[in-house]
Every structure is written in structure tokens, then in C-alpha cells.
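Working notes, structure below.
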Amino acid sequence: MAVPFVTLSLARRAERFPERTAVVDISEERLYAPAETIHENRVSYGELSAMTTRTAEHLAALGIDAGDVVCLLTRNRVASLAVLFACRRLGATFFPVSHWLTPASVEQPFDLIEPDLVVSEAAQRDLVRSIPFDRSVTLEELAEADREAVSDSDERNLEPETDAPLVLLHGGDGRPIAGYSASALEWNCISALVAWGLSSADVVPLTPPLSSPDGLVRVALSTLYVGGTLLLDRAFDPGDTLTAIAEEKATFLAGRETAIRDLAAESGFDDAVDSLERVIVEGAVENDTLEAYREQEIPIARAAGRLECPTAFSQSFAGAAADDPGDISTVSDGVGTPVPDCRARLVDESGTVLEGTAEGRLELSGPVVADGYVRAAGTNDENWYAPVEEQRDDYDESGDRGRFADGWFETDDRYRRDEDGIYRPQ
């Protein structure tokens, strides 16, 4: 399959199809709007590119330059995407912090990161007060800041070996923090394109937060990379999302088990999902939920990823797209095979690589894997990630933390691989 683009450049997409819809903001205009009420604010690729340019100019006027870290604390917004792509234009690092953190846990990421600027929505003022950093602006203040001309990042001569990461993502409690280069993000998008057949014709609702690996990388960036349309709400609401799926004729859905289940439980599910062509779910799915999608003849496949590799495994839609398109019996305890550009292996307790049918500790490698963890000293152009010797002892309180060593990411998760190469978490 041909890959239509080689970078994350919004400007290139805007040049090719400026009028195509990039994002539909379906958020309710009023705080207490009736359930299943959505507001359709359409943003074209041309408009999103222009918004990115303005945001980059505002950030530049505030002193943000290559290598700086811009922290963003907000719910899902079109402005979040503009800040991300603006950081790419400037050579800066985009660090989205989850609004689900508490005033106590929101301090965790900032033990490792000293941002050059914190940008937030006004609704997160309590969390912002808990961040041990005093240079912050609201999204409204950023939009009203002075502007300074910036160059197109595609024209800048950057050295990949020394560039700061484009994106930092944190774990569920704020740590650890993994860094992704632009190249790693692009390979994740290409992997989704190949594995799930994403294309410019796809309309995709966003159910996870943009501060998460699955929300930002698996769904949002992959959709924009192929020139598709993203349906974006401040936060997931099953009724509103189902309304948007029906009205916008969504074709592809990727979400966590809870979101997939909640959508199926809505009273209008059967009539709303006529346009859905395939579904990707993270996590084991109950039979009642599977039956709801089976009855609508929607192929559904399970995928698995983590902070350091947004999508490592995925089942194939082949079983669901056979003679009986409603057959989704392949959705089981298995998570499929490694996605394109991701290599997986199992090792025993001594580190010996296991062949064939086996059970052991999972290790991942390939261009879709994060470049490393941020080290306690912060980021810099020479070595922003944690050296292997520092990873052995740092942050033992984070049970989800693995280790990057010798070109592989050691997850410490136990998996079983069967005779067909299907992986199953143990």
C-alpha cells in the first residue's frame, strides 16, 4: 500500500486539499445542553494549518524556540492539535498533561520536566495552581498574545540525532514520561494506515483523551496523517458520540473497552451505526457488547498498546470480513500479531529469546516504539532520554515502567504466543 505523505506537515495537506474537513468539533455550545446535543464546528485542513501558523507565531512571541517544552493542560480541543503542530513548526516539544490527574498527582510529571510554558484552559485552573511552575497562560491569553513570524519547519535543517522529542506522554499517574520523535509518530501513523486500512475517506470519532497514547497517536494523528476527518468532543459522552457517528456517517471507531461498551448500551445504537465499517477495541470485550456489534455486522478487532508503544498488536479484520461479515468470534483473549513496523519477542527469566509457542516476558522494537524515557535532569538536545544505567533504579514506584536497552523495550509484561503467532497477555 502506498504511503501518501512522509511527514506530519499540515501545510502540505492544506496545499493539496485546503477545503477538506480535518476536524468536526462536536462539543456542546452550552454547559447544560440537552443530552445527545452536538454543535458542528467544522475546521478544514486549510483552517487548521492557518490556526497552527498563528499559534506558532504567538508561542514564538512568548519566547518559545527549538528545544523548549510547551505543556498543555486541557480537555480535547481543536486548539490542542494546533499547539502540537505549532510545536513541530518551532522545533519545540509538546507535552500534554491529562486533566484527569488530581492536584496531588499533577506534580508528578514536573519532577522530571521543567516546561518553558504551561498553556491551559480556564477550567483547569485548580490543577494549574498545583503545578510547581509559574509561567503559564490560558488558551485565551495565548490567542491574544503578540505574534512573531516563524519559518516552515520543513525548511529547517534539523539533525534527527540531536533534536528534542516532538511529543512527551506520561503514564496514568503522571509517570513515567516517554518521548517520541516526529519520525516515531509518523511510523505509528503509517502502521495504522496499513494495519486498519485508514484512508482520507474515513470519518473517525475520538473517544480517548488527546493526552493519552491511544487518543493522540492511534486515533487523532493517524486520522489527520491520511487526510481523514476527526470528530472531537471535549470528553467522551456515549450519547453525544453516537449522535455524531450517525450525523457525520463515521466509518472507523477505535476506543477502549469501556467506550465501545457504553456506545453499544445506548438505546439508539442500532440505527446510529449504519455507516461504521470497522471497530478497534483496546481491552477484553464482554459477550453482550460483542453481540451488539455482531448484529449490526460490524467487523471488530482487538488491539493492544502501552505508553511506550501506542499500538503493538492488532487482530486482523479478516475473520470478521469473511462470508459472514458479522462473525467477530476472533475477538478473544488474544491481541493478534505485531502491527507493521513493530517487532515482538518473548524472553525467559535469563533473557534468552524464546522461539515458537512460548510464554515469557514481552519485548518490543521498531520505529513505532518511543525513543526513551525522560531522565530526571530534564530534556536537552544531546541526551533527553534516561540512559540505561539510570533506568535500573529510577522510579521504582511506577509499576508500568519498563526499560529501553540494546534496541529493545523490555516491558516486563508476560505474554503467551501460540503456534499461529497470536499473542495473549497472561
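Position 167 (the sequence shown) corresponds to 167 in UniProt numbering; numbering is contiguous.
Every residue, glycine too, gets a C-beta built ideally from N, C-alpha and C.
Just to check my reading of the structure: residue i and residue j have Cβ atoms closer than 8 Å, yes? What is that Cβ distance to the nearest angstrom?
i: P208; j: V219; result: 7 Å
i: L230; j: A22; result: 7 Å
i: P109; j: H170; result: 5 Å
i: T411; j: L364; result: 7 Å
Relative to the ligand SAM, is the shortest distance from any of its heavy atoms to the C-beta of residue i smaller than 8 Å?
i: L290; result: Ligands are entirely absent from the displayed structure, and the ligand SAM is therefore not among its contents.
At the level of alpha carbons, what is the spacing between residue i and residue j?
i: A82; j: W100; result: 21 Å
i: E186; j: V70; result: 20 Å
i: D214; j: L193; result: 15 Å
i: R306; j: G421; result: 20 Å
i: T330; j: A318; result: In this prediction, T330 scores a pLDDT of 44, lower than 50, which makes its location untrustworthy; the coordinate-derived value is nonetheless stated afterwards. Roughly 9 Å separates the two Cα atoms.
i: V106; j: V119; result: 14 Å
i: T311; j: P132; result: 32 Å
i: I280; j: T55; result: 33 Å
i: S181; j: R343; result: 18 Å
i: S200; j: S191; result: 15 Å
i: P103; j: S130; result: 5 Å
i: A284; j: E148; result: 49 Å
i: A246; j: A143; result: 33 Å
i: P18; j: P205; result: 21 Å
i: I27; j: L232; result: The residue asked about is misnamed: residue 27 is Ser in this sequence, not Ile. If you take the alpha carbons of S27 and L232, they lie about 7 Å apart.
i: L263; j: V273; result: 10 Å
Exposed or buried, what is residue i when buried is set at 16 or more other beta-carbons lying within 10 Å of its beta-carbon?
i: S267; result: exposed
i: D418; result: exposed
i: residue 439; result: The first residue shown for the chain is 1 and the last is 426, placing residue 439 beyond what the model contains.
i: R13; result: buried
i: A184; result: buried
i: D237; result: buried
i: R414; result: exposed
i: Q426; result: exposed
i: T74; result: buried
i: S350; result: exposed
i: R42; result: exposed
For a test of the three-state rule: what should DSSP assign to residue i, helix, strand or coil?
i: L10; result: helix
i: I177; result: strand
i: A184; result: helix
i: C71; result: strand
i: D412; result: strand
i: V83; result: helix
i: D204; result: Note on residue identity: the sequence assigns Val, not Asp, to residue 204. It is a strand residue.
i: P213; result: helix
i: R135; result: coil
*At what residue ranges does the segment 253–304 contain a whole run of the alpha helix (DSSP H), taking only runs of 4 or more?*
Inside the segment 253–304, DSSP marks whole alpha helix (DSSP H) runs of 4 or more residues at positions 257–265, 269–272, 287–295, from first to last along the chain.
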